[in-house]
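K.L.:
Quick one: the structure is below, questions incoming.
Number of protein chains: 2
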Amino acid sequence: MRKMGHESGNINQRRHQQIPLAVIKRLPIYHRYLSDLHQKEVARISSSELAAKIGITASQLRQDLSWFGSFGQQGYGYRVDELLQEVSRILGLNQNIGMVLIGAGRLGRAIIHYANFKRRGFHTKAIFDNNPDIVGEIIDEIPVYNISELENYLKSHAIQIGVITTPASAAQEVADRLVRCGIKGIWNFAPVSLKVPDDVIVEHVHIGESLMVLSMKLQQRKEQASDD
Amino acid sequence: MRKMGHESGNINQRRHQQIPLAVIKRLPIYHRYLSDLHQKEVARISSSELAAKIGITASQLRQDLSWFGSFGQQGYGYRVDELLQEVSRILGLNQNIGMVLIGAGRLGRAIIHYANFKRRGFHTKAIFDNNPDIVGEIIDEIPVYNISELENYLKSHAIQIGVITTPASAAQEVADRLVRCGIKGIWNFAPVSLKVPDDVIVEHVHIGESLMVLSMKLQQRKEQASDD
DNA sequence: CTAACATTGTTAAACTTTTAACAAAAAGGC
DNA sequence: GCCTTTTTGTTAAAAGTTTAACAATGTTAG
Chain A
451 MRKMGHESGN INQRRHQQIP LAVIKRLPIY HRYLSDLHQK EVARISSSEL AAKIGITASQ
511 LRQDLSWFGS FGQQGYGYRV DELLQEVSRI LGLNQNIGMV LIGAGRLGRA IIHYANFKRR
571 GFHTKAIFDN NPDIVGEIID EIPVYNISEL ENYLKSHAIQ IGVITTPASA AQEVADRLVR
631 CGIKGIWNFA PVSLKVPDDV IVEHVHIGES LMVLSMKLQQ RKEQASDD
Chain B
451 MRKMGHESGN INQRRHQQIP LAVIKRLPIY HRYLSDLHQK EVARISSSEL AAKIGITASQ
511 LRQDLSWFGS FGQQGYGYRV DELLQEVSRI LGLNQNIGMV LIGAGRLGRA IIHYANFKRR
571 GFHTKAIFDN NPDIVGEIID EIPVYNISEL ENYLKSHAIQ IGVITTPASA AQEVADRLVR
631 CGIKGIWNFA PVSLKVPDDV IVEHVHIGES LMVLSMKLQQ RKEQASDD
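Residue numbers (our numbering), protein chains in the order written: chain A, 451 to 678; chain B, 451 to 678.
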């Protein structure tokens, strides 16, 4: 059933090259559309159909997937459930990843609720804050501890990701403390560029930046319109 | 004082070409660092110093700026206040842009507070929601109206940007209604790809996608580590 | 079972973005 | 004032990304 390459053993020949960042960023989008299709009980889809839905070229979709293997069948297309599973695996979903969140303000609370992290295997195990009024609270079944407990907590619990939703002024110090405790992944919502060692990965969610980009694009349109 | 090109009238020769998206996305970062420097009362900076702070090459910084004009001086560098002002202008900041926000849940409330939108000229004028319990509330001096009032409100107020912080299921309908009222800019936090006409600009803040990218990068590191 | 069709994975070309190199020119020291 | 140093804006080369083209191959209908 599975394809056998006519040249021997070329499955995943590119595995050891670095996957382009551009490709990585598209995978979550593929995941979203495949989840949708799966939920609608669509069994199969061709690269051109899926690409059209997403708004990219079929060529790009096939090229992207080819970085990870051969998941389709000539003359048939892709099985939605199979491809969804592969993409999930590539993304590292459903692996029970432990997270802690630092900064229980409005943004922190919103993030805890947002989307279906839990369903995808991301579990927030503890929240930390420096405001004594909210320490001791339980938010969505997750306890809020004093920030001074951070190091102690991380020593005794398996946590892979730290989420920073503090004000900008506190973010770097929190990042430093997370790094010192061995955390290798930081999901940062504070509007500062964190300095961390090379072996730590920071994903920065650019909220303010994004509004500025929108503002600039609007501005450009206005200028173009008045030029013609 | 200002540079005169030795070839006649080549100031902003590229003005009518499309600015690359990659360049646009870096401008808010330049803005942030320049604001920092300005606040610290640094008067001048060279492209290499600034680039080093940001973590890019000096070449890229100069190339990016050259899309918009010549703001530096050979042998001296850039005046921080001047460059900050230019970048702000390019980004369309400080122009008193009116926004409405739809969806007064936790995320919506967090966004209203986040960062210094107001200081940069972005003013949220009204909030809309379909939950009668919160209609009538005042959040941060901004009134919450029933979503049914949306069209009426937009008819009588100058609004440039609509912010969508509704659940995914409601986002497309809200977007359609905003578009029908003539809104040209949408800042979308719901995890759906909105379909809008070509003359409307959507900026999507990819919260969930970003966590998946982090997860995937961590996964990759793990695989690399176990390979060696 | 065969032939026409559909669709993949891949190779190559086109395009975009980043980095390097350098002439031109202003700054700063002597 | 002149010479050395600094640093820009720009041109050219390198690297990365997207799109197009197509041989290989499984699917489907008759």
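Every residue, glycine too, gets a C-beta built ideally from N, C-alpha and C. Since the structure is predicted, the reported quantities are computational estimates derived from the model, not experimental observations.
#1: Under a three-way DSSP split, which group does B/K672 fall into?
#2: Where do the ends of the beta strand (DSSP E) carrying B/N580 lie?
#3: What are the start and end residues of each continuous beta strand (DSSP E) run of 3 or more residues lying completely inside the region 561-639 of chain B, in chain order?
#4: What is the DSSP secondary structure of A/Y526, counted as helix, strand or coil?
#5: Excluding the 5 residues preceding and the 5 following A/L515 in the sequence, name in chain order all residues of the same chain whose CB lies nearer than 7 Å to its CB.
#6: Determine the DSSP secondary structure at A/I461, reduced to helix, strand or coil.
#7: Using the Cβ count rule (16 or more neighbours within 10 Å means buried), how would you classify B/E653?
#8: Taking all protein chains shown into account, decide if A/E659 is buried (16 or more other Cβ within 10 angstroms of its Cβ) or exposed.
#9: Nearest to A/G527 by CA position, among A/Q535, A/I495, A/A554, is which residue?
#10: In whole angstroms, what separates the C-alpha of A/T615 from that of A/R671?
#11: Candidates B/L668, B/R570, B/Q674: which alpha carbon is nearest A/Q545's?
#12: Straight-line CA distance for A/G635 to A/I609?
#13: Between the region 527-536 of chain B and the region 493-512 of chain B, do at least 3 Cβ pairs fall closer than 8 Å?
#14: Which residue from B/A508, B/A625, B/I547 puts its Cα closest to that of B/R569?
#15: If you reduce the DSSP assignment to three classes, tell me which class B/E653 lands in.
#16: What are the start and end residues of the beta strand (DSSP E) that includes A/L551?
#17: From what residue to what residue does the alpha helix (DSSP H) around A/Q510 run?
#18: Determine which residues of the region 467-490 of chain A have a Cβ less than 8 Å from any Cβ of chain B, and write them out in chain order.
#19: Please identify the residue among B/Q468, B/I474, B/I479, B/A472 whose C-alpha is closest to the C-alpha of A/V642.
#20: Who are the near neighbours of B/L533 in its chain, counting only those whose CB is closer than 7 Å to its CB and skipping five residues on each side?
#21: Quick one: using the 10 Å Cβ neighbour count with 16 as the cut-off for buried, is B/A675 buried or exposed?
#22: Are the C-beta of B/V650 and some C-beta of chain A separated by less than 7 Å?
#23: Return yes when the Cβ of A/M666 is within less than 7 Å of the Cβ of A/V613, no when it is not.
#24: Within the continuous alpha helix (DSSP H) that includes A/L471, where are the two ends?
#25: Mind checking A/L500: buried by the 16 CB within 10 Å criterion, or exposed?
#26: If you check the beta carbons only, do B/W517 and B/I469 fall under 7 Å apart?
#27: Where does A/M451 fall in DSSP's three states?
#28: Count the other C-beta atoms from every protein chain shown that fall within 10 angstroms of the C-beta of A/R482, then say buried if there are 16 or more, exposed otherwise.
#29: Note down, in chain order, each residue of its chain lying with its Cβ closer than 8 Å to the Cβ of B/I561, except the 5 sequence neighbours on either side.
#30: For A/G519, decide whether its Cβ has a neighbour in chain B, counting only Cβ atoms nearer than 7 Å.
#31: Based on Cα-Cα distance, which residue from B/F567, B/V594, B/V537, B/I633 lies nearest to B/D649?
P.N.:
In this structure, then:
#1: By one-based count along the second sequence, residue 672 of chain B stands at place 222. Here B/K672 sits in helix by DSSP.
#2: In the second sequence, counting from the first residue as 1, residue 580 of chain B sits at position 130. Neither: B/N580 is in no beta strand (DSSP E) and is coded neither H nor E.
#3: 572-579, 592-596, 611-614, 635-638
#4: Numbered from 1 along the first sequence, position 76 holds the residue referred to as residue 526 of chain A. Looking at A/Y526 - three-state DSSP - the assignment turns out to be coil, as it is neither helix nor strand.
#5: As a position in the first sequence, residue 515 of chain A is number 65, starting the count at 1. Same-chain partners within the cutoff: F521.
#6: In the first sequence, counting from the first residue as 1, residue 461 of chain A sits at position 11. For A/I461, the predicted structure reports a pLDDT of 39, less than 50, and the residue's modelled location is therefore unreliable. The matter cannot be settled from this model.
#7: Along the second sequence, read from residue 1 onward, the residue named residue 653 of chain B stands at position 203. Buried is the call here.
#8: Within the first sequence, residue 659 of chain A is the residue found at index 209, counting from 1. Counting Cβ neighbours within 10 Å, A/E659 comes out buried, since at least 16 surround it.
#9: In the first sequence, the residue the question calls residue 527 of chain A occupies position 77. Of the candidates A/Q535, A/I495, A/A554, the one whose C-alpha sits nearest the C-alpha of A/G527 is A/I495.
#10: In the first sequence, residue 615 of chain A corresponds to position 165, counting from 1. In the first sequence, residue 671 of chain A corresponds to position 221, counting from 1. In a straight line, the C-alpha of A/T615 is about 34 Å away from that of A/R671.
#11: Counted from its first residue, the first sequence places residue 545 of chain A at position 95. The option with the nearest alpha carbon to A/Q545 is B/L668.
#12: Walking along the first sequence from the start, residue 635 of chain A turns up at place 185. Walking along the first sequence from the start, residue 609 of chain A turns up at place 159. Each residue's alpha carbon lies about 10 Å from the other.
#13: yes
#14: Start at 1 with the first residue of the second sequence, and residue 569 of chain B comes out as number 119. When only C-alpha atoms are compared, the closest one is B/I547.
#15: What you label residue 653 of chain B is simply residue 203 of the second sequence in a count that begins at 1. B/E653: strand per DSSP, three-state reduction.
#16: By one-based count along the first sequence, residue 551 of chain A stands at place 101. Where A/L551 is concerned, the enclosing beta strand (DSSP E) stretches over 547-552.
#17: To locate residue 510 of chain A, count along the first sequence from 1; it is residue 60. Its alpha helix (DSSP H) spans residues 508-516.
#18: I469, I474, K475, L477, P478, I479, H481, R482
#19: Translated into the one-based positions of the first sequence, residue 642 of chain A becomes position 192. It is B/I479.
#20: By 1-based counting over the second sequence, the position of residue 533 of chain B is 83. Closer than 7 Å at the Cβ level, and outside the excluded window around B/L533, lie L484, F521.
#21: In the second sequence, the residue the question calls residue 675 of chain B occupies position 225. With fewer than 16 other Cβ atoms inside 10 Å of its own Cβ, B/A675 counts as exposed.
#22: Locating residue 650 of chain B in the second sequence gives position 200, counting from the first residue. No, B/V650 does not count as interfacial toward chain A.
#23: Residue 613 of chain A sits at position 163 when you count from the first residue of the first sequence. Residue 666 of chain A sits at position 216 when you count from the first residue of the first sequence. No, the pair does not count as a contact, with Cβ atoms beyond the cut-off.
#24: By 1-based counting over the first sequence, the position of residue 471 of chain A is 21. From DSSP, the alpha helix (DSSP H) with A/L471 extends over 471-489.
#25: Here the question's residue 500 of chain A lines up with position 50 in the first sequence. Result: buried.
#26: Residue numbering aside, residue 517 of chain B sits at position 67 when the second sequence is read from its first letter. Residue numbering aside, residue 469 of chain B sits at position 19 when the second sequence is read from its first letter. It is a contact, given that the beta carbons lie within the stated cut-off.
#27: What you label residue 451 of chain A is simply residue 1 of the first sequence in a count that begins at 1. The predicted model places A/M451 with a pLDDT of 33, which falls under 50 and marks its position as unreliable, so this point remains unresolved.
#28: Reading the first sequence from its first residue, position 32 is the one you call residue 482 of chain A. The residue is buried, with at least 16 neighbouring Cβ atoms inside 10 Å.
#29: Walking along the second sequence from the start, residue 561 of chain B turns up at place 111. Once the five neighbours on either side are set aside, the close Cβ partners of B/I561 are L551, V613, T615, F639.
#30: By 1-based counting over the first sequence, the position of residue 519 of chain A is 69. Not one chain B Cβ lies under 7 Å of A/G519.
#31: The count along the second sequence starts at 1 and reaches residue 649 of chain B at position 199. Taking only the C-alpha atoms, the option nearest B/D649 is B/I633.
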